[in-house]
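If you're matching positions, the sequence shown starts at 786 in the numbering used here and goes up one per residue.
Below you'll find the structure, written out as structure tokens, and then a few comments.
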Amino acid sequence: MAPESRPARSRAAIVATILAVMAVSAAVLAFGTRWAAGALRDAVPDIRLTESQVRDRVYAAIQREARASFLVTGRLDVMAETRVDDTKTFLPGLLDVSLGTTSARVRVPGRISYGVDLKRLRASDIVLHEDGTLEVSLPGMEVHSVEPALSRMEVETEVGWARLQSRSGRAAEHRAIGLINGVLHSQGTAHLADAEQPRIHTARTVGALLRPVMEAAGHDPSRIVVRVGTRTYNLDRPAA
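See the structure below:
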């Protein structure tokens, strides 16, 4: 079997190192620098390994700590609102006397974190072209977490004329509050599907992670192309 050419080995090593750097960067966010230092020793490959061996080692390092595989690339500050209406009827089907409707409306600001799941990133998604351009195709963006600011929550409650304030009002409020996280998650998912800015943030964040790798490998660190969904971003010039 003929030995690998030097450019092929170089590209394989760069691809493997990029995967390792992205995995460890996510680990820093999830576990802190102490864990990441150990992960870096395990994840950064020996360039004498074949590309398949390197890929197996990096994937093992990523999968070992599933929480660390999500790379947060941005945050959104939004306002969420939920409403619960609870109507009671006395002797339904017989008298059908309405006891009134208890309504609870909750408004709360929240923060949504988003990014990419590195477990879905494959080695084939990272390509170093012959001209030195690095091209990375990212998996789709996802909501990572939601954080409602409950200390700033606003609650408005209206109790039906024949309902008990302490019982029906609080029950409606608790139900409305319980819907907040789901509403925030839905808002974040809708925003990521339609808005351009999260894609730009994600491309720039990934580019910032990869520039040191390119520079250390002797390549132009500005020649990075990041694909986010259907959009392509050449980081050496404004987004197309």
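No residue lacks a Cβ here, since even glycine has one placed at the ideal position from N, Cα and C.
Computed from a predicted structure; not experimentally measured.
- When DSSP states are grouped into helix, strand and coil, residue 960 belongs to the helix group.
- Assignment of residue 858 by DSSP, reduced to helix, strand and coil, places it in the strand class.
- Counting other Cβ atoms within 10 Å of its Cβ, residue 909 stays below 16 and is therefore classed as exposed.
- DSSP, read as helix, strand or coil, puts residue 981 in coil.
- The distance from the Cβ of residue 891 to that of residue 961 is about 4 Å, consistent with a contact at the 8 Å cut-off.
- Within the model, the alpha-carbon separation for residue 941 versus residue 1014 is close to 40 Å.
- Around residue 922, the same chain offers 910, 1012 as residues with beta carbons nearer than 6 Å, after the five sequence neighbours per side are excluded.
- Where residue 930 is concerned, the enclosing beta strand (DSSP E) starts and stops at 927-933.
- Residue 912 sits in a strand when the DSSP states are folded into three classes.
- In the displayed model, residue 997 falls within a helix according to three-state DSSP.
- Shown here, residue 872 sits in a strand according to DSSP, grouped into three states.
- When secondary structure is reduced to three states using DSSP, residue 1008 falls in the coil class, being assigned neither helix nor strand.
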